[in-house]
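Participant: As they're listed, the protein sequences go chains A and B. Mapped onto the working numbering, the consecutive letters of the first sequence carry residue numbers 8 to 223. Mapped onto the working numbering, the consecutive letters of the second sequence carry residue numbers 8 to 223. Where is the CB? At the ideal position from N, CA and C, for every residue including glycine. Note that the coordinates shown come from a computational prediction; the quantities given were computed from them, not determined experimentally.
Protein chains: 2
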Amino acid sequence: MARQERAIRTRNRILDAMASLFNEVGYDAATIAALVERTGLTRGALYFHFASKEDIARAVLEEAVTRRGLRPQPFKVQEWVDLGLLLACRVPREPVLRAAIRLSVDPKARRLFGTRWPDWVAVGQELLVEAKERGELLPHADPAAVSRAVVGSWTGVQLVTEALGDGLDLAGEISMLYQLVLPNIVTPAVLARIDSSAYRAERLLREETPEADDTR
Amino acid sequence: MARQERAIRTRNRILDAMASLFNEVGYDAATIAALVERTGLTRGALYFHFASKEDIARAVLEEAVTRRGLRPQPFKVQEWVDLGLLLACRVPREPVLRAAIRLSVDPKARRLFGTRWPDWVAVGQELLVEAKERGELLPHADPAAVSRAVVGSWTGVQLVTEALGDGLDLAGEISMLYQLVLPNIVTPAVLARIDSSAYRAERLLREETPEADDTR
């Protein structure tokens with residue numbers, strides 16, 4: 008058990024280090040040599056966990072669609088909002104999640120590995136379809152179109168917030184995004200009971216039990 | 008005059024070709040050698056117009072903040088919407104505009120040249136401040152925050168729409184984005200008179216006189 012735990016830790020250390028390289032220099036310029044230097048691990052140890060750089064990139068994208076911190080809520084639309092708030096809270100701290108976005112906007116990496124956006128759109132759409140069946144959404148709100156628009160918007164707000172710097176906080180910017188779109192999607196009675204505040208995700212993650220961790 | 012016109016044409020041909028290379032292989036992998044091959048021009052001709060690859064990248068970003076097709080409208084908020092609709096119409100056709108986005112999301116290019124997002128945020132904010140002074144916006148709409156959110160959202164919707172493929176049309180997706188946010192920004196009386204349809208930009212560009220072309 009201790010040995011297995013150590014192996015998982017090493018694997019995560021490799022993933023984090025390579026993800027940071029992807030973020031700093033881009034997919035093409037991130038090399039196994041730089042990874043060896045950064046982690047201090049031997050090539051043997053690296054290749055025990057991953058066959059190649061491509062393999063690490065695939066593992067990074069594998070982790071990108073995560074529901075960590077998400078719990079059942081009285082309103083399905085709250086769960087949909089929580090997904091985006093949780094990610095906004097985690098992305099600035101977790102290089103692997105940032106790298107997944109980076110790889111998705113890199114022409115070469117995108118050609119090799121595709122993106123996880125179709126999966127995110129599907130996850131959001133599913134929650135919004137349920138929300139609509141329960142009468143939480145306004146009649147004209149189209150779950151597929153709304154999910155697509157918000158996956159796109161979320162991604163762009165992350166990229167632009169990161170580039171603007173300027174002391175901007177992603178959780179705050181994403182909270183603003185939901186406050187801008189929610190009144191056009193959700194019925195007023197439900198809207199009044201939805202929490203889209205910037206500090207909500209922090210609380211959800213704190214309350215999470217270690218066993219509920221579905222990803223790392 | 009004819010000679011000057013030919014020079015402008017050659018310059019634009021180089022810009023378009025290098026922009027396409029940036030889009031296809033990314034900033035790092037796009038080389039002057041590939042540009043020579045693609046344009047059929049001599050290195051001498053290239054270096055007459057641009058000193059280096061960096062110089063071409065700067066010229067690409069130079070063209071990114073464009074008001075082509077924009078004309079005074081009865082409502083300032085219509086001009087703000089028009090900016091985004093016009094760009095959505097032009098980006099799929101103009102490699103230089105697409106390359107400006109590509110360079111902005113590339114870690115190396117961003118470090119070298121920055122992005123034009125702060126300029127876009129400023130342009131949008133200025134229009135929204137005027138709109139607010141004229142009473143077109145709802146009291147709680149904050150021009151700076153709204154402009155930032157929509158520059159981010161616009162960018163992400165472009166990136167995700169391009170990646171999803173699937174017959175999605177950027178003009179339609181961006182029109183949807185405005186329809187999602189406008190009711191929370193604009194007063195109802197003004198909202199009823201704002202055109203955010205997907206085909207509006209096409210018409211604005213068609214009506215434009217060649218003299219009004221402020222960019223190319």
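#1: Excluding the five sequence neighbours on either side, which residues of its own chain have a C-beta within less than 7 Å of the C-beta of D35(A), listed in chain order?
#2: Where does V193(B) fall in DSSP's three states?
#3: Name, please, each residue of chain B whose Cβ falls closer than 7 Å to the Cβ of R65(A).
#4: Assign G174(B) to buried or exposed, taking buried as 16 or more other Cβ atoms, counted over all protein chains shown, within 10 Å of its Cβ.
#5: Less than 8 Å between the C-beta atoms of A71(B) and A107(B), yes or no?
#6: Taking the continuous alpha helix (DSSP H) assigned at A64(B), which residues delimit it?
#7: With 8 Å as the threshold, decide whether the Cβ of D113(A) is near any Cβ in chain B.
#8: Establish whether the CB of R223(A) and some CB of chain B are separated by less than 8 Å.
#9: With the cut-off set at 8 Å, would you say S160(B) and L184(A) are in Cβ contact?
#10: How many whole angstroms separate the CB atoms of R109(A) and N30(A), which I take to be in contact at a CB cut-off of 8 Å?
#11: Verify the contact flag: V193(B), CB atom, against every heavy atom of the ligand FAD, threshold strictly below 7 Å.
#12: Leaving aside the five residues before and after R50(B) along the sequence, list all residues of the same chain whose C-beta is less than 8 Å from its C-beta, in chain order.
#13: At a Cβ cut of 9 Å, what residues of the stretch 179-199 of chain B count as close to chain A, listed as they run along the chain?
#14: With 8 Å as the threshold, decide whether the Cβ of E209(A) is near any Cβ in chain B.
#15: Which partner residues of L144(B) appear in the DSSP bridge assignment?
#16: Within the same chain, show all residues whose beta-carbon is closer than 6 Å to that of T5(B), passing over the 5 residues directly before and after it, in chain order.
#17: Evaluate contact between the stretch 146-162 of chain A and the stretch 58-73 of chain A, counting only Cβ atoms and requiring at least three cross-stretch pairs below 8 Å.
#18: For the structure I just gave you, are there three or more beta carbon pairs, one from the stretch 84-91 of chain A and one from the stretch 119-137 of chain A, closer than 8 Å?
#19: Return the Cβ separation of V112(B) and V112(A) in integer angstroms, given the expectation that the two are a contact with Cβ distance under 8 Å.
#20: Mind pulling the chain A residues with CB within less than 7 Å of R117(B)?
#21: Hey, could you find the ends of the alpha helix (DSSP H) G51(B) is sitting in?
#22: List the whole-angstrom C-beta distance separating P102(A) from A26(A), where the pair is believed to meet the contact cut-off of C-beta under 8 Å.
#23: Any C-beta of chain B sitting closer than 8 Å to the C-beta of E61(A)?
#24: Does chain B have any CB closer than 8 Å to the CB of V32(A)?
#25: Could you tell me which of I15(B), E214(B) and W124(B) sits nearest to Q165(A), measuring between CA atoms?
#26: Put I108(B) into one of helix, strand or coil per three-state DSSP.
#27: Look at the Cβ atom of H56(B), then the Cβ atom of R18(B), and state whether they are nearer than 8 Å.
#28: Using the rule of at least 16 other Cβ atoms within 10 Å of the residue's Cβ for burial, across every protein chain shown, is E61(B) buried or exposed?
#29: Restricting to Cα atoms, I'd like to know which of A148(A), A95(A), L104(A) and G33(A) is closest to T230(A).
#30: Determine, for I151(B), whether the minimum Cβ-Cβ distance to residues of chain A falls below 8 Å.
#31: Could you give the C-beta distance for A170(A) and R100(B), rounded to a whole number, given that I count them as a contact under 8 Å?
#32: Between G159(A) and chain B, is the shortest Cβ-Cβ distance under 8 Å, so that the two count as touching?
#33: Cα separation between P79(B) and E209(B)?
#34: Strictly under 8 Å for the Cβ-Cβ distance: is A219(B) near chain A by that measure?
#35: Tell me whether D23(A) sits in a helix, a strand or coil according to DSSP, three-state version.
#36: Between P125(A) and chain B, is the shortest Cβ-Cβ distance under 8 Å, so that the two count as touching?
Facilitator: The structure says:
#1: K115
#2: DSSP places V193(B) in the strand class (E or B) of the three-state scheme.
#3: Per Cβ cutoff of 7 Å: no residues; R65(A) is ~17 Å from chain B at best.
#4: With fewer than 16 other Cβ atoms within 10 Å, it is exposed.
#5: Less than 8 Å divides the Cβ of A71(B) from the Cβ of A107(B).
#6: Its alpha helix (DSSP H) spans residues K60 to E69.
#7: At a cut-off of 8 Å between C-beta atoms, D113(A) counts as an interface residue with respect to chain B.
#8: Only weak support exists for where R223(A) lies, its pLDDT of 49 falling under 50; the value from the coordinates is given anyway. Chain B contact via Cβ: absent.
#9: yes
#10: Yes, R109(A) and N30(A) are in contact; Cβ-Cβ is about 5 Å, under 8 Å.
#11: Annotation note on the ligand FAD: not contained in the displayed structure, which lists no ligands.
#12: I39 and V43
#13: E180, M183, L184, Q186, L187, V188, L189, P190, N191 and I192
#14: no
#15: V193(B)
#16: The requested residue 5(B) is not part of the displayed model; chain B covers only 8 to 223.
#17: no
#18: yes
#19: Correct: roughly 4 Å between the Cβ atoms.
#20: A170
#21: R50 to H56
#22: 4 Å
#23: no
#24: yes
#25: W124(B)
#26: helix
#27: yes
#28: exposed
#29: The requested residue 230(A) does not occur in the structure, where chain A is confined to residues 8 to 223.
#30: Checking the sequence, you will find Ala at residue 151(B) rather than Ile. For A151(B), the answer is no, since every Cβ of chain A falls outside 8 Å of its Cβ.
#31: Not a contact, Cβ separation roughly 25 Å.
#32: yes
#33: The straight-line gap from Cα to Cα measures roughly 16 Å.
#34: Residue placement at A219(B) cannot be trusted, given a pLDDT of 48 that sits under 50; the coordinates are not used to answer.
#35: In the three-state reduction of the DSSP assignment, D23(A) falls in the helix class.
#36: True, the Cβ-Cβ gap to chain B drops below 8 Å.
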